[in-house]
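Engineer: This structure is in structure tokens; I'll ask about it shortly.
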Amino acid sequence: VTSVDPLQFGGYAESLAKSRKKTGEKEAVTCGQGTIEGYPIQLAAFDFAFIGGSMGSAVGEKITRALERGYETGQPVVIVSAGGGGARMQEGMLSLMQMAKTSAAVAKLREKGTPYISVLTHPTMGGVAASFAFLGDVIIAEPKALIGFAGPRVIEQTIGQRLPDGFQTSEFLLDHGMIDMIAERHALRERLSKLVAHLYN
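So the mapping is simple: this note's numbering equals the position in the sequence shown, first residue as 1, plus 41.
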């Protein structure tokens with residue numbers, strides 16, 4: 042599944058080609074199935090180097106399929122987000138619709154009781170944060186990650202006030218009950234394996 046240029050947005054085809062060459066990937070997210078300490082999972086991981094990890098129609102489709110495979114197999118779904126670009130503006134409404142599409146897939150997964158673990162890396166913003174990334178049964182963030190919808194400067198300019206120190210960092214979100222835990226990247230495997238083992242048992 043790869044993005045096309047449905048709106049023939051200026052420079053988008055070139056950006057896609059450049060990102061594919063730079064990363065060696067076809068899209069901003071890679072999906073598959075694997076195991077953590079022997080427990081099978083469905084996994085999706087974003088690559089920020091691919092147009093800022095933004096979500097276009099192909100990314101939304103791949104995330105949705107990963108969630109649907111979790112629904113079909115009963116295997117927990119782990120999504121590692123790094124969507125600093127949010128919804129990919131070059132695809133217009135097709136990109137924005139992925140927010141609803143991925144959120145609906147999470148809701149379907151939840152109806153079956155299949156666990157979904159969301160891992161937020163720096164940065165997780167815009168349409169990614171405003172859809173599936175914040176819908177995990179367990180939400181883990183890396184230290185000092187910037188996480189939110191609009192960036193701090195945009196918010197300050199809109200409300201005409203200075204934001205609190207550390208606003209939109211993972212530490213701020215943990216203190217305010219928006220995420221469940223913070224884990225260093227080197228500790229993620231151990232955290233995830235304990236969570237997945239607990240969910241299976």
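Ideal Cβ positions, reconstructed from N, Cα and C, are used throughout, including at glycine. Here the structure is a predicted model, which is why all the values come from computation and not from measurement.
(1) Would you mind listing the beta strand (DSSP E) stretches within the segment 58 to 106 that are 3+ residues and don't spill past its ends, in chain order?
(2) Thr165 and Ala123: beta carbons closer than 8 Å?
(3) How would you call Gln209, buried or exposed, if buried means at least 16 neighbouring beta carbons within 10 angstroms?
(4) If you drop the 5 nearest sequence neighbours on each side, which residues of the same chain put their C-beta closer than 7 Å to that of Met140?
(5) Give the single residue among Gly126, Ala99, Tyr157, Ile92 whose Cα lies nearest to the Cα of Ser60.
(6) Which residue marks the beginning of the beta strand (DSSP E) containing Ser159, and which one marks its end?
(7) Going by DSSP, what residue range makes up the beta strand (DSSP E) through Ser122?
(8) Express the C-alpha separation of Thr105 and Glu68 in angstroms, rounding to a whole number.
(9) Just curious, the alpha helix (DSSP H) that Val237 is in, first and last residue?
(10) DSSP has Val187 in a bridge; who is on the other side?
(11) Per DSSP, which one or two residues make a beta bridge with Lys165?
(12) Rounded to whole angstroms, what is the Cα-Cα separation between Lys153 and Val119?
(13) If contact is defined by three or more beta carbon pairs under 8 Å, each pair taking one atom from either stretch, is the segment 106 to 113 in contact with the segment 44 to 51?
(14) Can you tell me whether Met96 is buried or exposed, with buried defined as 16 or more other CB within 10 angstroms of its CB?
(15) If we ignore side chains and look at the alpha-carbon of each, how far apart do Met138 and Glu225 end up?
(16) So, using beta-carbon positions, are Thr155 and Ala99 closer together than 8 Å?
(17) In its own chain, which residues sit with a C-beta less than 6 Å from the C-beta of Glu78, not counting the 5 before and 5 after it?
Structural biologist: Looking at the coordinates:
(1) With a minimum length of 3 residues, the continuous beta strand (DSSP E) runs that stay inside the segment 58 to 106 are 70 to 77, 80 to 87.
(2) The criterion of a C-beta distance shorter than 8 Å is satisfied by Thr165 and Ala123.
(3) So Gln209 ends up on the buried side.
(4) Short of 7 Å from the beta carbon of Met140, and not among the five residues preceding or following it, lie these beta carbons of its own chain, in chain order: Ala128, Gly168, Ala171, Ser172.
(5) Across the set Gly126, Ala99, Tyr157, Ile92, the C-alpha of Ile92 shows the shortest separation from the C-alpha of Ser60.
(6) That run of the beta strand (DSSP E) goes 157 to 161.
(7) Judged by DSSP secondary structure, Ser122 falls within the beta strand (DSSP E) whose first and last residues are 118 to 122.
(8) Distance between the alpha carbons of Glu68 and Thr105 is about 14 Å.
(9) Note, Val237: alpha helix (DSSP H), 229 to 241.
(10) Per the sequence shown, residue 187 should be read as Leu rather than Val. Answer is Thr210.
(11) With the sequence shown as reference, residue 165 is identified as Thr, and Lys is not the correct amino acid for it. Beta-bridge partners of Thr165 (DSSP): Ile188.
(12) Across the structure, Lys153 and Val119 are spaced so that their CA atoms are roughly 16 Å apart.
(13) Under the 8 Å Cβ criterion, the segment 44 to 51 does not count as touching the segment 106 to 113, having fewer than three qualifying pairs.
(14) With 16 or more Cβ atoms within 10 Å of its Cβ, Met96 is classed as buried.
(15) When rounded, the distance between both Cα atoms is 32 Å.
(16) No, these two residues do not count as a Cβ contact at 8 Å.
(17) Cβ within range, chain order: Ser234.
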